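Student: Quick one: this structure, given as structure tokens, is what I'll be asking you about.
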Amino acid sequence: MSIFLSQRRRISTWLESSSFGIIVGLFHLFSTEFTLSSFSCFGCIASFKNQSFVFTVVLTGNVLYGGSSNGEIRAWRLDCSEQGDRTDSIVAVCRSAVKSMVVLGDKLFSAHHDNKIRVWRILNQVLHRKYKCLATLPTLNDRFLRCLSVKNYIQVRRHKKSTWIHHVDNVSGLAILTDCSLLYSASWDRTFKIWRTSNFKCLESVQNAHDDAINAIVLSKDGFVQTGSTDRRIKVWKKKHAGGKEEQTFAGFNT
1 MSIFLSQRRR ISTWLESSSF GIIVGLFHLF STEFTLSSFS CFGCIASFKN
51 QSFVFTVVLT GNVLYGGSSN GEIRAWRLDC SEQGDRTDSI VAVCRSAVKS
101 MVVLGDKLFS AHHDNKIRVW RILNQVLHRK YKCLATLPTL NDRFLRCLSV
151 KNYIQVRRHK KSTWIHHVDN VSGLAILTDC SLLYSASWDR TFKIWRTSNF
201 KCLESVQNAH DDAINAIVLS KDGFVQTGST DRRIKVWKKK HAGGKEEQTF
251 AGFNT
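Residue 112 in the UniProt record's numbering is what sits at position 112 of the sequence shown, and the numbering runs on without skipping anything.
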């Protein structure tokens, strides 16, 4: 009986040690795989410090632009050979936080918390001078023409109306069409709008595109528009001809 108990203890000890070894081996294997997949091969080679929260960045050529919560747009040149030469310059300033930016040729479009879009003239190879503001969207001319007709006004709040060309809340996203002819803007007012880049005229507004604030907008080469919202939805939009006429409207699909 004692021999049987002794053998049983040895077998139990062997099983425990074997199980422990297997567990250790599996843990080592999985932890190694996890480590390899979790740690990137990227390394930070430069860090650009700003004075306030950075909401958006855009890269054009060898110049990086950063838009901040204090309304500043700063520029860094990336082709400097030495770290110390990578000094920033404030190229544009306004009184409202910069939420999004896109670059088209020699123009920098910036979306702001004050419900406006601003257009800046980029000075090539010059970062120590302030950029000139070419326009604020909607433009004064566009606003004047739209305000003359009652049909251009829409209800934006219970006791407030505005022309449909206005964003009435933070402009959160910008995107440029592939042929560079149109600028798209998205807003927390649940709309996205289309602007002509040549004269900055507002061409169309898609009202109530989402049930809550729109936070992002992107365009695809095949003409589709994608919008992301606080309502936890991404919607895909495409142009549809209305009755065979030239006039087009947007139709959305939930994802």
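Note that beta-carbon positions come from the ideal geometry of N, C-alpha and C, so glycine has one too.
The structure presented is a predicted model; accordingly, all values stated were derived computationally and were not measured.
1. In this structure, does DSSP put V103 in helix, strand or coil?
2. If you run the structure through DSSP and keep just helix, strand and coil, what is L59?
3. Give the secondary structure of R129 by DSSP, where H, G and I count as helix, E and B as strand, and everything else as coil.
4. Going along the chain, which residues of its own chain have a beta-carbon closer than 8 Å to the beta-carbon of S162, five neighbours each way excluded?
5. What's the gap between the Cα of R232 and the Cα of L174?
6. Give me the residue from N115, L108, T191 and K116 with the minimum Cα distance to N124.
7. Around the C-beta of L137, are 16 or more other C-beta atoms found within 10 angstroms, so that it is buried, or is it exposed?
8. Evaluate contact between the stretch 174-184 and the stretch 213-222, counting only Cβ atoms and requiring at least three cross-stretch pairs below 8 Å.
9. Between which two residues does the beta strand (DSSP E) harbouring C202 extend?
10. Quick check on F42: buried or exposed, where buried means 16 or more other Cβ atoms within 10 Å of its Cβ?
11. Let's test the definition: count the other Cβ atoms within 10 Å of the Cβ of V63 and tell me whether it reaches 16, buried, or not, exposed.
12. Please look up how many angstroms separate the CB atoms of H112 and A135, rounded, as I've assumed it's under 8 Å.
13. Just the Cα atoms here: how many angstroms apart are R190 and G228?
Tutor: So, to answer that:
1. Within the sequence shown, residue 103 is the residue found at index 103, counting from 1. Strand, per DSSP.
2. As a working mapping, residue 59 is identified with position 59 in the sequence shown. L59 falls in the strand class under three-state DSSP.
3. By one-based count along the sequence shown, residue 129 stands at place 129. R129: coil per DSSP, three-state reduction.
4. The count along the sequence shown starts at 1 and reaches residue 162 at position 162. Answer for S162: Y153, I154, V156 and V168, listed in chain order.
5. In the sequence shown, the residue the question calls residue 232 occupies position 232. In the sequence shown, the residue the question calls residue 174 occupies position 174. A direct Cα-to-Cα measurement between R232 and L174 gives close to 20 Å.
6. Translated into the one-based positions of the sequence shown, residue 124 becomes position 124. It is L108 whose Cα lies nearest to the Cα of N124.
7. Translated into positions along the sequence shown, residue 137 becomes position 137. Buried: at least 16 other Cβ atoms inside 10 Å.
8. At 8 Å Cβ cutoff, the stretches touch.
9. Locating residue 202 in the sequence shown gives position 202, where the first residue counts as 1. C202 -> beta strand (DSSP E) spans C202 to V206.
10. If you number the sequence shown from 1, residue 42 lands on position 42. F42 should be labelled exposed.
11. Within the sequence shown, numbered from 1, the residue matching residue 63 stands at position 63. V63 comes out buried.
12. As a position in the sequence shown, residue 112 is number 112, starting the count at 1. As a position in the sequence shown, residue 135 is number 135, starting the count at 1. 13 Å between Cβ atoms; not a contact.
13. Translated into positions along the sequence shown, residue 190 becomes position 190. Translated into positions along the sequence shown, residue 228 becomes position 228. So the alpha carbons of these two residues sit roughly 10 Å apart.
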